[in-house]
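One structure below.
Dropping the structure here:
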């Protein structure tokens, strides 16, 4: 049996969390079909990828060892590997000398990626307004940036994670363009299963019979994003700069509490700007010229309007509602966690509202 490694390298906000959740929810069934998902869970692959990015060996070597010991197909899915430098590409590939490596880039239409990336960067501690974020992305887009000017950090950060042509070119220089597979994210309204079906076709297995995803990378609404952005500003002023408190700020407040009320808020909307449509067309043309393989349709990458509102138009009352709901939900989670850790703590102090025992 030939040894094959499917290396899914992003991009961020292109269904990566969904694919990763499906992979780890179905580790056993995939293995029964000859496909190894190395690591106990997604965090195992995060730690291994972080290790190889830093030039470390231990955690990456452990995961690579599992892949090397498997006769058949293995799959690693980690978006950190998309924007890496050529030296890291060579470092990764050097650990799999006996494998046929297929590099998968999942791609979403650019206009849908922009608001998704903004709210995600805010969850990751950033404080850019949406307007500043959009301006930075437009100013620093590949092929149009003023290299003599200082790079706007918002634009530099976005394009580092979303320049899929660069991903394909960098990895393709080492594995060959024919082994770069672009899997497009289906357009709005398409069955969610379609992305999984497309990914399974790259793995070489039927999509039938698998358990659903256990989790996704939950987004938040416009008002909640504004709340988190303001919280970030206040925490920065206290010297508590992200990633300080990541588990509480992102894990509890954003992903658990505020994400749960997404349906009660307007979404972050974005009409397609002419520069977005133009850049998306150039991106597709560049990928086609590279000679990459395609699963899906190039038309999936044609930008579409994102329904919702401009965050700048969200009323202060909606932001206040989200803030109060966030505070109450955050406290509820912390109280439950404390009670689980110490069941006796729920008994209270024994002091009533009159101040007597």
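Numbering (the working numbering), first residue to last: 9 to 365. Quick reminder that beta carbons are idealized off the backbone N, C-alpha and C, glycines included.
Opposite residue i in the DSSP bridges: which residues?
i	result
residue 157	The partner list for residue 157 (beta bridge, DSSP) is empty, contrary to what the question assumes.
residue 110	14
residue 115	192
residue 302	190
residue 314	278
Can you tell me whether DSSP reads residue i as helix, strand or coil?
i	result
residue 289	helix
residue 185	helix
residue 192	strand
residue 281	coil
residue 51	helix
residue 42	coil
residue 83	strand
residue 6	In the structure as shown, the chain starts at 9 and stops at 365, and residue 6 therefore has no counterpart that could be examined.
residue 210	helix
residue 94	helix
residue 244	helix
residue 215	coil
residue 250	coil
residue 446	With the chain covering 9 to 365 only, the question about residue 446 has no answer from this structure.
residue 103	coil
residue 62	coil
residue 198	coil
residue 148	coil
From residue i to residue j, what distance separates their C-alpha atoms?
i	j	result
residue 314	residue 211	31 Å
residue 98	residue 343	48 Å
residue 269	residue 229	8 Å
residue 184	residue 161	32 Å
residue 48	residue 41	18 Å
residue 165	residue 351	44 Å
residue 213	residue 104	22 Å
residue 25	residue 225	6 Å
residue 17	residue 134	23 Å
residue 149	residue 347	50 Å
residue 296	residue 306	9 Å
residue 20	residue 170	7 Å
residue 286	residue 126	21 Å
residue 317	residue 163	22 Å
residue 208	residue 215	6 Å
residue 279	residue 227	19 Å
residue 119	residue 140	16 Å
residue 284	residue 311	7 Å
residue 244	residue 147	26 Å
residue 59	residue 100	11 Å
residue 168	residue 144	13 Å
residue 29	residue 179	24 Å
residue 204	residue 304	11 Å
residue 2	residue 325	The requested residue 2 does not occur in the structure, where the chain is confined to residues 9 to 365.
residue 200	residue 252	34 Å
residue 221	residue 267	17 Å
residue 32	residue 219	10 Å
residue 250	residue 62	20 Å
residue 136	residue 321	16 Å
residue 64	residue 102	14 Å
Could you give the C-beta distance for residue i and residue j, rounded to a whole number, given that I count them as a contact under 8 Å?
i	j	result
residue 232	residue 330	5 Å
residue 115	residue 309	6 Å
residue 82	residue 46	6 Å
residue 130	residue 300	Wrong, their Cβ atoms sit about 32 Å apart, outside the cutoff.
residue 106	residue 11	6 Å
residue 260	residue 338	6 Å
residue 217	residue 37	7 Å
residue 15	residue 75	Contact flag wrong, Cβ pair sits at about 10 Å.
Residue i: beta carbon under 6 Å from a heavy atom of the ligand MN?
i	result
residue 135	Absent from the structure shown: the ligand MN. Ligands present: none.
TODO: Would you check if there are 3 or more beta carbon pairs closer than 8 Å linking the stretch 42 to 58 to the stretch 71 to 90?
DONE: The stretch 42 to 58 makes contact with the stretch 71 to 90: 3 or more CB pairs, one atom from each, lie closer than 8 Å.
Open item on the list: Counting beta carbon pairs with one atom in the stretch 110 to 118 and one in the stretch 169 to 188, are three or more of them shorter than 8 Å?
Closed with: yes
Task: At least three beta-carbon pairs within less than 8 Å, the stretch 185 to 194 to the stretch 82 to 96 - done: no
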